[in-house]
Structures are given as structure tokens and as C-alpha cells.
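In the numbering used here, the protein residues as written are 15 to 303.
So, in C-alpha cells, the structure goes:
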């Protein structure tokens, strides 16, 4: 069956799991219980979907490839546990669609609770998916992904000055508690990729548990600006947005050296710096007269 869909696999950059033990490990890491509602992104031929169904989960499967979506619908139509959405996840209107499924499940007498995300992701959409899901802690409680091993380390490496430490590492830490679960050999995929995979779990935070900043959007604007040239000193990388004296004063107020670079700061230090710059803005309003 996989060979018959090889063209689809290539077009959508998907590498499908051929070892069911890995699918079962994904289900185990996600702690899937009977009655859980699970979002699966890119179900492909349905090998992971089948493991989720066997665990008693209600699955919302979002599949971009029309041929694969049809295959999933045919394979699980008698289970009563799988809803297939033939859409590109990156264009899928999550909140509107989840509200539809909330009403759909309620009408069937199925208790609706926070959704768990479990997926063997197409390797090329890992970061965009993470950025879409993690800030939605009001909808999603957890996420377990099978993704490229190198990408996994970029997401979970929270150690300043580490080679993989970058803005996405801070994003993940801001919105979740992430954990590297296990490495998955490339031999378990078809087509066989040139890299190994890894299973990563994310315990998604609610808004009440976020670090305290006035605006998450402007906070990450600062973080992304800082990491755009991570070897530059912060006083230089932020000068396009803030006057040099303001940056020096903010660094000093949070006990950071004037020569500090973005890769040296922890999430807490970035939050402190952002809040110091934000407070400075409030204390020195623009004169509009």
C-alpha cells in the first residue's frame, strides 16, 4: 500500500512509520486513555491512527493529501472514532473547526475536554506546527511528536550557549515543558530518510503559567530580533528598536553585562530584559505636542 502512494509521499515530504512498536510508543508517551480526543496531523496511511483507535481515542485526522484522506476515511469508516479533515493543517482554521467538533461530539454524548496532539509530522513543517499549537493551551493539553532528530534538539535545548540554542528554544520553553523521549532509527520509516527521528513530548502551559510579560507578541519580536544575529551583542542587535542608552540601562538594571549576547541569556533573563525595556517605555512617554 505504501509503494502505491510513493508519489504522494514525495510530494508532501512525509516519511511513514512501518514499525508499529513506535506507534505504540507515541500512544504511551501521550498517555492516551479511552475517550480522549486526539488531533493527528498528517495521518498518511493510518498506522498511528490505528494505534490511537485501539487505545479508545476519538481522532480528528487532518490530512492534506486527498488520496490519503480518502484512504483514511475508507479504512476507519466503521470504527465511529475517526473524523477526517482533508485540509492543509497550516491553513486550517483551528479555533473555528474545534468549536464545530465540540458541538459534534456533544451531540453524540461524548464529553469534550482539552485535546491531545499526537503525530508523525512531515519533517518540513515541524517548526510551523509547534508555533501554531503551543500558544493554544486553552484548547490543547499536550503534544507528542515524531520528528527529525536534529529538529528535536533545536526545540528542547534550553541551555544558553549550546549550539542548538535559538529563539525557537525560548518559544518552546515559554509555552510548554518539553521532553526528549527517545531516538527513532531512520530504518523505521518509508521512504527511508537520510536522518533519524525522535519522539518529543510537550506539556502545554495555560496562559496563567506563562512568564509575565505585557505582550507575548512584542516579547518574541524582541527575542527574534536578538537572535537574528546571535553572535552580536544585545546592545547592537536591539539598537534598531531602542536607543543605545536605554538598552545599556535596561541591561544594567537586570544585572546583565553590556557585552551580553543573546545566546548567553536564559528565558528568565530575556523576560527581565524585556520588562525593563517595557517599563522604560512607560516611564518616558513620547511627547506628541
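Don't be surprised by glycine CBs; every beta carbon is placed ideally from N, CA and C. None of the values given here were measured: they were computed from a predicted structure.
Going by beta-carbon coordinates alone, are residue i and residue j separated by less than 8 Å?
i           : j           : result
residue 43  : residue 164 : no
residue 216 : residue 192 : yes
residue 36  : residue 198 : yes
residue 72  : residue 95  : yes
residue 242 : residue 212 : no
residue 98  : residue 106 : no
residue 277 : residue 179 : yes
residue 214 : residue 190 : no
residue 203 : residue 162 : no
residue 220 : residue 152 : yes
residue 262 : residue 253 : no
residue 57  : residue 81  : no
residue 260 : residue 291 : yes
residue 129 : residue 51  : yes
With DSSP collapsed to three states, give me the class of residue i.
i           : result
residue 29  : coil
residue 179 : coil
residue 95  : coil
residue 54  : strand
residue 233 : helix
residue 199 : coil
residue 74  : strand
residue 297 : Caution applies to residue 297, whose pLDDT of 49 falls short of 50 and renders its modelled position unreliable; the model cannot decide the point.
residue 47  : coil
residue 191 : strand
residue 204 : strand
residue 223 : helix
residue 286 : helix
residue 238 : helix
residue 174 : coil
residue 274 : coil
residue 185 : helix
residue 244 : coil
residue 35  : helix
residue 103 : helix
residue 126 : coil
residue 279 : coil
residue 24  : Note that residue 24 scores 45 on pLDDT, short of 50, meaning its location in the model is unreliable and no value can be drawn from it.
Where does the unbroken beta strand (DSSP E) through residue i begin, and where does it stop?
i           : result
residue 160 : 154-162
residue 114 : First-last for residue 114: 108-121, but that is the alpha helix (DSSP H), not the beta strand (DSSP E).
residue 133 : 129-134
residue 217 : 211-218
Please report the straight-line C-alpha distance between residue i and residue j, rounded to a whole angstrom.
i           : j           : result
residue 34  : residue 268 : 50 Å
residue 185 : residue 238 : 10 Å
residue 207 : residue 77  : 21 Å
residue 258 : residue 232 : 19 Å
residue 60  : residue 30  : 9 Å
residue 289 : residue 117 : 41 Å
residue 121 : residue 109 : 18 Å
residue 279 : residue 176 : 11 Å
residue 85  : residue 91  : 10 Å
residue 158 : residue 65  : 14 Å
residue 284 : residue 266 : 13 Å
residue 170 : residue 181 : 11 Å
residue 126 : residue 229 : 30 Å
residue 225 : residue 282 : 8 Å
residue 38  : residue 141 : 24 Å
residue 88  : residue 209 : 32 Å
residue 246 : residue 236 : 14 Å
residue 156 : residue 183 : 17 Å
residue 270 : residue 147 : 32 Å
residue 111 : residue 201 : 36 Å
residue 79  : residue 102 : 8 Å
Assuming residue i and residue j are in contact, meaning their beta carbons sit under 8 Å apart, how far apart are those beta carbons, in whole angstroms?
i           : j           : result
residue 53  : residue 143 : Not quite, the Cβ-Cβ distance comes to about 10 Å (not below 8 Å), so this is no contact.
residue 248 : residue 134 : About 38 Å separates the two Cβ atoms, so there is no contact after all.
Just to confirm the assignment, what range does the alpha helix (DSSP H) spanning residue i have?
i           : result
residue 67  : 61-68
residue 263 : 258-267
residue 87  : 80-90
residue 251 : 248-251
residue 143 : 140-147
Could you tell me whether the Cβ of residue i comes closer than 8 Å to any Cβ of chain C?
i           : result
residue 263 : No chain C is present in this structure, which holds just one protein chain.
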